[in-house]
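Enquirer: Dropping the structure in here first, questions after.
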Amino acid sequence: MRLTFMGAAGTVTGSKYLLEHDGRRLLVDCGLFQGLKQLRLRNWDRFPLDPASIDAVVLTHAHIDHSGYLPGLIKKGFKGPVFATEATRDLCELLLPDSGHLQEEDAFYANRHGFSKHHPAEPLYTEEDGRRALRLFRAQPFGTAFEPIPGVSIRFSPAGHILGAASVHVAWEGGSALFSGDLGRDEDVIMRPPEAPAAADYVIVESTYGDRLHANEDPATLVAGAINRTAARGGVVVIPAFAVGRAQALMHIVAVLKKERRIPDLPLFLNSPMAVNATALYHKYRPQHRLSVEECDRMHTGARIVNTVEESRKLNELRFPAVIISASGMATGGRVVHHLKAFAPDHRNTVLLAGYQAAGTRGAALAGGATQIKIHGDYVPVRAEVANIGALSAHADRNELLAWLAKLPRAPRRVFVTHGEPVAADHLRQAIEEKHGWSCTVPDHMQAVEL
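Written out as C-alpha cells, the structure is:
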C-alpha cells in the first residue's frame, strides 16, 4: 500500500490522502485549501494525477476542508463512488451546493466591484457542480465493513466533532491504517466523545490543537460575558461560525442563557440558511449528540432566521443590542464578511470568535489583534471588541489527542501527524514520542510512503 499526503500536510486545510493498492486508487478526503493565499492557489493548480484514475473517495466528514474539493475533482473527470456516513451525506447535500453558490457570489461581487486581479473572476465550481457531486454518494453505517475497491476493507467509527464525523479504518492483506479524521472533544457542548480507536499498523492523526490545551473555562459563561458587555454598550455581537457544528452549539448556549436569565432576551439572528437546514438534522441524528428533544426544539426555534440577501443587508442597519450568527467560521467568505464590514469599525460592538482560526484568514487576523482587515479590496478598521473563545472549539486538544492514541489496543508501527500548522504538528510529534515511544513522522506536502 502506497500513501501520498496530497493535503493537510503542513496546514489544517485541503485534507487529501491518496492510497494506491494493487493498481487501484482510493482518496481519503477531498478538501479545499483555505487560509493563506499560497494555499488557496493550490485549489486552482493542475491536479497531481488524472482524477479519472481514482476509483473511489472516502470522506471522514462534511466540513469543506475535507469535502469541498469534490465538485472540482468531478469537473476534472472523477466518476467513481463517494463513500461517507449517512449524516455526512446529508450535510454535504447542504454544504457542497452552498460552497459553489458562495464561490459564484464572490466571483460576481468581485467582477461587479472590480477588485479581482483576474478578469473576469470565475468560481472554482458552481452550485450546480455541487449538486452533481451528490449523485455519487453511497452512505455507509458506522461499524460495518465495506469494500470501496477490491482487496481493501473500510470501517467507519464515530469521531465526535460534528454529525457523521468518522475515523476511517483501512485494512488490506498484510496491513492496516487508521485515519483519525477530525477528532471531537470529550466534553463537547453538543457532540458525544470519539469512540476508542481500533488497532492499526499505521495511524494518521490530526494535530489542529497539537501544541495547546483548551482553557478550563465554561464556554457558556464566556459567551454570557461577551453578550452582556456588548448589550451594556448598546452594541451588536457578530459571531462568525461554521454552519455545521459551531452555529448549533452557539444557538444552544444562547437558548440556555436566556432560559436561565443570564443574558437579556435580546434578538438572536441566524444568518445562514444552510445552518438552519443543518440544525434540523440534529433531530434526525439524536444518538450522535447529547441534546434532548426539547433542547433541539429550543435551539431550532430560538433564532430569527434570515433567508434573503435583502434581509441580510438590513441586519447591517441594526442600532439595538442583538446577536448575529453567520458563516463562515473563519470569516473567509459568506454573509458574515458583510457584517464585519458594517460592525467592526464601531467600539460598541463585539466580534466573537468561536473556534480554530487558520493562518491567513480574517479570523486569524482578528484573533491576532489586527487593527484593520481587508474586505472586498478595502481595509476596514477594527474598533469593536474581539473575543476568542477557544473552549468552543470542536477539535480535541493536545491531551485529548494523546488520550485517544493511548486507547489503541497495541502500538502502531508508525504515526503520521497531519492536519496542523507546522508548530502544532511538531509539538504533537514530540509529545507522542515522549509519552508512547512510538515512531512518529510529520509528512511534507506530496510526500509518499510505502505502508
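If you read the sequence shown in our numbering, its first letter stands for residue 1, the second for the next number, and so on.
Ideal placement from N, C-alpha and C gives every residue a C-beta, glycine not left out.
Per DSSP, what kind of secondary structure is PRO51 in: helix, strand or coil?
Expert: Position 51 of the sequence shown, counted from the first residue, corresponds to residue 51. PRO51 falls in the helix class under three-state DSSP.
Enquirer: What is the rounded straight-line gap between the Cα of ASP297 and the Cα of GLY77?
Expert: By one-based count along the sequence shown, residue 297 stands at place 297. By one-based count along the sequence shown, residue 77 stands at place 77. Spanning the two alpha carbons is a distance of roughly 42 Å.
Enquirer: Three or more C-beta pairs under 8 Å: does that hold for the segment 308-328 against the segment 234-246?
Expert: yes
Enquirer: Quick one: measure Cβ to Cβ for ILE162 and HIS63, integer angstroms, because I've assumed they're closer than 8 Å.
Expert: The residue given as residue 162 occupies position 162 in the sequence shown. The residue given as residue 63 occupies position 63 in the sequence shown. Confirmed, about 7 Å.
Enquirer: Out of LEU136, ARG185, ASP50, GLY334, which one is the CA nearest neighbour of PHE108?
Expert: As a position in the sequence shown, residue 108 is number 108, starting the count at 1. The shortest C-alpha separation from PHE108 is found at GLY334.
Enquirer: Taking the beta strand (DSSP E) that ALA442 belongs to, which residues open and close that run?
Expert: As a position in the sequence shown, residue 442 is number 442, starting the count at 1. Per the sequence presented here, residue 442 reads as Val, with Ala not at that position. Premise fails: VAL442 is in no beta strand (DSSP E) and is neither H nor E.
Enquirer: Touching or not, the segment 266-282 and the segment 352-360, by the rule of three or more beta carbon pairs under 8 Å?
Expert: no
Enquirer: Three-state secondary structure (DSSP) at ASN228?
Expert: Taking the first residue of the sequence shown as position 1, residue 228 is located at position 228. DSSP places ASN228 within a helical segment (H, G or I) once states are collapsed to three.
Enquirer: Counting along the chain, where does the beta strand (DSSP E) carrying ASN388 start and finish?
Expert: For the purposes of this step, residue 388 is taken as residue 388 along the sequence shown, with counting starting at 1. Taken as a continuous stretch (DSSP letters only), the beta strand (DSSP E) holding ASN388 covers 385-388.
Enquirer: Let me know if VAL256 comes out buried or exposed under the rule of 16 or more other beta-carbons within 10 Å of its beta-carbon.
Expert: Counting from 1 along the sequence shown, the entry for residue 256 is found at position 256. Looking at its Cβ environment, which holds 16 or more other Cβ atoms inside 10 Å, VAL256 is buried.
Enquirer: In this structure, does DSSP put PRO158 in helix, strand or coil?
Expert: As a position in the sequence shown, residue 158 is number 158, starting the count at 1. In the structure shown, PRO158 sits in a strand (DSSP, three-state: E or B).
Enquirer: What do you get for ALA159, buried or exposed, if any count of 16 or more other CB atoms within 10 angstroms of its CB means buried?
Expert: Position 159 of the sequence shown, counted from the start, is the residue given in the question as residue 159. Looking at its Cβ environment, which holds 16 or more other Cβ atoms inside 10 Å, ALA159 is buried.
Enquirer: Relative to the C-alpha of GLU105, which candidate in THR85, ARG40, GLU86, THR126 has its C-alpha closest?
Expert: The residue you call residue 105 lines up with position 105 of the sequence shown. Answer by Cα proximity: THR126.
Enquirer: Evaluate LEU213 with the Cβ neighbour count: other Cβ atoms within 10 Å of its Cβ, from every protein chain shown; 16 or more gives buried, anything less gives exposed.
Expert: Stepping through the sequence shown from its first residue, residue 213 is reached at position 213. Under this definition LEU213 is an exposed residue.
Enquirer: What is the residue span of the beta strand (DSSP E) that PHE33 lies within?
Expert: Here residue 33 refers to the residue found at position 33 when the sequence shown is read from its first residue. No beta strand (DSSP E) contains PHE33, which DSSP labels as neither H nor E.
Enquirer: In angstroms, rounded to a whole number, what distance separates the CA positions of THR11 and VAL336?
Expert: Start at 1 with the first residue of the sequence shown, and residue 11 comes out as number 11. Start at 1 with the first residue of the sequence shown, and residue 336 comes out as number 336. Distance between the alpha carbons of THR11 and VAL336: 24 Å.
Enquirer: Among ALA243, GLY245, THR221, which has the Cα closest to the Cα of GLU260?
Expert: Taking the sequence shown and counting its residues from 1, the one referred to as residue 260 is at position 260. Comparing alpha-carbon positions, the option among ALA243, GLY245, THR221 lying closest to GLU260 turns out to be THR221.
Enquirer: How should ALA232 be labelled, buried or exposed, when 16 other C-beta atoms within 10 angstroms of its C-beta is the threshold for buried?
Expert: Locating residue 232 in the sequence shown gives position 232, where the first residue counts as 1. ALA232 comes out exposed.
Enquirer: So if DSSP puts GLU206 in a beta bridge, which residue, or which two residues, is it bridged to?
Expert: Numbered from 1 along the sequence shown, position 206 holds the residue referred to as residue 206. Answer by DSSP bridge pairing, in chain order: THR418.
Enquirer: Looking only at C-alpha atoms, which of ASP22, GLY7, ASP98, LEU19 sits nearest to ASP65?
Expert: Position 65 of the sequence shown, counting from 1, holds the residue named residue 65. The option with the nearest alpha carbon to ASP65 is GLY7.
Enquirer: Could you compute how far the alpha carbon of ALA110 sits from the alpha carbon of GLU122?
Expert: Taking the sequence shown and counting its residues from 1, one reaches residue 110 at position 110. Taking the sequence shown and counting its residues from 1, one reaches residue 122 at position 122. Going by the C-alpha atoms only, they are around 9 Å apart.
Enquirer: For PHE108, which of helix, strand or coil comes out of DSSP?
Expert: Start at 1 with the first residue of the sequence shown, and residue 108 comes out as number 108. If DSSP states are grouped into helix, strand and coil, PHE108 belongs with the helices.
Enquirer: Indicate whether the contact test is met: 3 or more Cβ pairs, each with one atom in the segment 395-415 and one in the segment 366-382, closer than 8 Å.
Expert: no
Enquirer: For ALA226, which residues from the same chain have a beta carbon less than 7 Å from its beta carbon, with the 5 sequence-adjacent residues on both sides left out?
Expert: Within the sequence shown, numbered from 1, the residue matching residue 226 stands at position 226. Cβ neighbours of ALA226 beyond the five flanking positions: VAL237, THR350, LEU352, ALA387.
Enquirer: What are the start and end residues of the alpha helix (DSSP H) that includes HIS512?
Expert: Only positions 1 to 451 of the chain appear in this structure, which leaves residue 512 out of reach.
Enquirer: With 16 as the cutoff for other CB atoms within 10 Å, does GLN34 come out buried or exposed?
Expert: Start at 1 with the first residue of the sequence shown, and residue 34 comes out as number 34. Looking at its Cβ environment, which holds 16 or more other Cβ atoms inside 10 Å, GLN34 is buried.
Enquirer: Buried or exposed, going by whether 16 or more other CB atoms sit within 10 Å of the CB of GLN288?
Expert: As a first step, residue 288 must be located in the sequence shown, where it is residue number 288. It is buried - the Cβ of GLN288 has at least 16 other Cβ atoms within 10 Å.
Enquirer: Determine the burial state of ASN271: buried for a count of at least 16 other Cβ atoms within 10 Å of its Cβ, exposed for fewer.
Expert: Position 271 of the sequence shown holds residue 271. The residue in question, ASN271, is buried, as its Cβ has 16 or more Cβ neighbours within 10 Å.
Enquirer: Shortest alpha-carbon distance to ALA359 belongs to which of SER439, LEU340, VAL57, GLY420?
Expert: In the sequence shown, residue 359 corresponds to position 359, counting from 1. The shortest Cα separation from ALA359 among SER439, LEU340, VAL57, GLY420 belongs to GLY420.
Enquirer: Kindly list the residues whose CB is nearer than 6 Å to the CB of GLY72, restricted to its own chain and excluding five residues on each side of it in sequence; keep chain order.
Expert: By one-based count along the sequence shown, residue 72 stands at place 72. If we look at GLY72 and ignore the five residues flanking it on each side, its Cβ neighbours are LEU124, TYR125.
Enquirer: Taking the alpha helix (DSSP H) that HIS214 falls in, what are its first and last residues?
Expert: Numbered from 1 along the sequence shown, position 214 holds the residue referred to as residue 214. Neither: HIS214 is in no alpha helix (DSSP H) and is coded neither H nor E.
Enquirer: Excluding the 5 residues preceding and the 5 following VAL449 in the sequence, name in chain order all residues of the same chain whose CB lies nearer than 6 Å to its CB.
Expert: Residue mapping note: residue 449 aligns to position 449 of the sequence shown, counting from 1. So the qualifying residues of the chain are LEU3.
Enquirer: State the beta-bridge partners of GLU455 as determined by DSSP.
Expert: Past the boundaries of the shown model lies residue 455; the chain is included only from 1 to 451, so the question cannot be answered.
Enquirer: Using only alpha-carbon positions, find the residue among PRO141, SER393, MET446 that is nearest to ASP188.
Expert: Counted from its first residue, the sequence shown places residue 188 at position 188. If we check each option's Cα against that of ASP188, SER393 comes out closest.
Enquirer: Could you check where the beta strand (DSSP E) with GLY80 kicks off and where it finishes?
Expert: Here the question's residue 80 lines up with position 80 in the sequence shown. Note, GLY80: premise wrong, no beta strand (DSSP E); not H, not E.
Enquirer: Using a threshold of 8 Å, state whether the C-beta atoms of TYR202 and PHE416 are closer than that.
Expert: Sequence index remark: in the sequence shown, residue 202 carries index 202 (1-based). Sequence index remark: in the sequence shown, residue 416 carries index 416 (1-based). Yes; because the gap between Cβ atoms is below 8 Å, this pair is in contact.
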